[in-house]
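Here the structure is laid out as structure tokens; the discussion comes afterwards.
There are 2 protein chains.
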Amino acid sequence: MNEPIRLPKTTTGYKSFYKIIEVSKKLFAEKGFLATSTNQIISEAKVAIGTFYIYFDDKRAVYDYLLNDYSRQIRKEIQNAIKDLPTRYEKEKEGLKAFIKFSLNDRLSYRIIWESMFVERELFVNYYKRFSEIYMKQLHQAVQTNEVDRKIDLETLSYVLMGIANFVGLQIIFKDKVTDTDIDNTVNHVMYILQHGMFN
Amino acid sequence: MNEPIRLPKTTTGYKSFYKIIEVSKKLFAEKGFLATSTNQIISEAKVAIGTFYIYFDDKRAVYDYLLNDYSRQIRKEIQNAIKDLPTRYEKEKEGLKAFIKFSLNDRLSYRIIWESMFVERELFVNYYKRFSEIYMKQLHQAVQTNEVDRKIDLETLSYVLMGIANFVGLQIIFKDKVTDTDIDNTVNHVMYILQHGMFN
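Written as structure tokens, this is what we have:
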């Protein structure tokens with residue numbers, strides 16, 4: 001079976017490929033996937049019709065590429081931020097900061113990712129299920145080393161932590177102006193809650 | 201200035217009004233707001249074109265009605281569930297259950313609410329800012345009564361709690377089959393985290 005996405009083989013090819021990706025990202029974020037047509041992508045990317053179809057079957061193939069790319073990029077950013085840290089506490093802290101900074105630098109990411117609900121329910125479900133599974137593995141290790149409380153269900157904990165990251169990310173991108181100190185302060189409050197709970 | 205939404209004055213009027221609302225909800229959830237046209241709503245609701253415009257200026261007016269209605273409904277469900285409870289702990293617990301059950305019964309709610317990102321950024325921002333403000337007031341009272349730790353920034357805490365509710369809601373609606381016991385178990389784990397934190 002042919003793949004719906006075919007990566008370029010030349011530098012010129014990559015130039016067209018990324019032009020298509022960038023224009024699609026902008027259109028999907030502005031208008032949504034369903035209101036964007038393949039023809040619009042071709043026209044705004046200023047590539048020949050045939051060029052588009054060398055790389056992609058249709059706009060859905062472009063969307064799938066974008067969604068996978070976000071998943072990969074976000075995991076990579078977090079991984080880079082936490083890889084040398086000794087404790088799960090520090091990993092959560094720096095991972096959260098990395099996620100917030102990623103969201104702040106690429107404000108379209110929420111739109112593209114949450115749009116998957118409309119493109120196909122399974123895409124959205126799998127996007128978060130996959131994140132949850134990877135998170136659970138890391139949390140499981142931290143239970144083994146006695147850092148994380150073993151009484152907590154790790155699937156629930158993974159969704160709790162993803163929910164906190166996503167919504168504290170929103171809290172921050174809702175602001176007109178954000179400094180690194182603002183992010184540090186917010187993350188410190190989150191870590192306090194994750195350490196002590198919210199109740200007296 | 202005329203309002204973009206004009207409520208019906210008769211029972212027959214309300215019948216058409218709600219038919220338009222129900223059809224729009226379905227179309228917005230399936231295809232998204234931007235890919236749905238006012239004409240499609242009129243045609244699928246099987247109302248006369250003139251009837252639509254008695255009540256709404258356009259599809260945007262219908263969307264605004266739906267979004268406000270969700271905000272009102274969700275707050276009402278939570279309010280009903282927690283109003284007679286004595287402690288903030290129990291309020292958080294039963295409020296979370298009420299939110300999850302609402303999301304489970306109306307699986308389109310996430311789509312309609314998150315779609316507001318595409319309809320107009322301000323709508324999405326205001327939707328959550330308003331929830332956050334109401335939440336902060338309640339949390340502030342619980343700080344006064346010494347139930348919630350006063351060292352925590354309440355804006356951050358409100359987004360942490362909204363994030364948990366939304367993503368644990370997703371965790372549950374992602375499952376094929378969910379019982380009340382499943383919801384209770386998940387909520388108990390969340391409450392354990394909110395009480396003790398996640399770390400040893």
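For the record, the sequence lines run as chains A and B.
1 is the number of the first residue of the first sequence in my numbering; add one for each residue after it.
201 is the number of the first residue of the second sequence in my numbering; add one for each residue after it.
A virtual CB, placed ideally from N, CA and C, is assigned to each residue, including glycine.
This structure is a prediction, so every number in the text was calculated from the model and none was measured.
- DSSP places T212 of chain B in the uninterrupted alpha helix (DSSP H) bounded by T211 to K231.
- The C-beta of G95 of chain A comes no closer than 9 Å to any C-beta of chain B.
- When rounded, the separation of the alpha-carbon atoms in Y127 of chain A and E92 of chain A is 20 Å.
- An exposed status is given to A248 of chain B, since fewer than 16 other beta-carbon atoms sit within 10 Å of its beta-carbon.
- The C-beta of A365 of chain B comes closer than 9 Å to at least one C-beta of chain A.
- Note on geometry: alpha-carbon atoms of K337 of chain B and Y14 of chain A lie some 52 Å from one another.
- Rounded to whole angstroms, the separation of the alpha carbons of T212 of chain B and D376 of chain B is 39 Å.
- At a cut-off of 9 Å between C-beta atoms, G232 of chain B counts as an interface residue with respect to chain A.
- Counting C-beta pairs closer than 8 Å gives three or more between the segment 385–400 of chain B and the segment 281–295 of chain B, which meets the contact rule.
- The C-beta of M336 of chain B comes no closer than 9 Å to any C-beta of chain A.
- In this structure, Q371 of chain B sits away from Y135 of chain A, with a CB-CB distance that is not shorter than 9 Å.
- Judged by DSSP in its simplified three-state form, I334 of chain B adopts helix.
- N305 of chain B and S37 of chain A have their C-alpha atoms roughly 33 Å apart.
- Interface residue (Cβ-Cβ distance to chain B less than 9 Å): V23 of chain A is not classified as such.
- Residues of chain A whose Cβ lies closer than 9 Å to the Cβ of D349 of chain B are, in chain order, Y192, I193, H196, G197, M198, F199 and N200.
- Beta bridge pairing from DSSP links V160 of chain A with no other residue.
- Around I82 of chain A, the same chain offers E90, K91, E94, G95 and A98 as residues with beta carbons nearer than 8 Å, after the five sequence neighbours per side are excluded.
- Short of 6 Å from the beta carbon of S224 of chain B, and not among the five residues preceding or following it, lie these beta carbons of its own chain, in chain order: I241 and V262.
- When DSSP states are grouped into helix, strand and coil, F56 of chain A belongs to the strand group.
- For E347 of chain B, the closest alpha carbon among the candidates B:L234, B:I254 and B:Q395 is that of B:Q395.
- One finds H189, Y192, I193 and M198 in chain A with Cβ atoms closer than 7 Å to the Cβ of I352 of chain B, taken in chain order.
- As a beta-bridge residue in DSSP terms, V348 of chain B pairs with A:F199.
- Around M162 of chain A, the same chain offers Y128, F131, S132 and Y135 as residues with beta carbons nearer than 8 Å, after the five sequence neighbours per side are excluded.
- With respect to the C-alpha of F118 of chain A, the residue from B:M391, B:A229, B:I221 and B:D257 having the closest C-alpha is B:A229.
- For L304 of chain B, the uninterrupted alpha helix (DSSP H) segment begins and ends at R288 to N305.
- For E203 of chain B, there is no enclosing alpha helix (DSSP H), as DSSP marks it with neither H nor E.
- 9 Å or more divides the Cβ of I21 of chain A from the Cβ of Y110 of chain A.
- Excluding the 5 residues flanking it on each side, L266 of chain B has same chain C-beta neighbours closer than 8 Å at I221, S224, K225, F228 and I312, in chain order.
- The three-state secondary structure of T236 of chain B, taken from DSSP, is coil.
- With 16 or more other CB atoms across the displayed protein chains lying within 10 angstroms of its CB, G32 of chain A is buried.
- Under the 9 Å criterion on CB atoms, A235 of chain B is classed as interfacial with respect to chain A.
- For the segment 162–186 of chain A, the residues whose beta carbon sits under 8 Å from a beta carbon of chain B are, in order, M162, G163, I164, A165, N166, F167, V168, L170, Q171, F174, N185 and T186.
- Straight through space, the alpha carbons of L323 of chain B and I74 of chain A are spaced by roughly 26 Å.
- Non-local beta-carbon contacts of L139 of chain A in its own chain, meaning distances under 7 Å to residues more than five positions away in sequence, involve V148, L154, L157 and S158 in chain order.
- Around the C-beta of S243 of chain B, fewer than 16 other C-beta atoms lie within 10 Å, and the residue is accordingly described as exposed.
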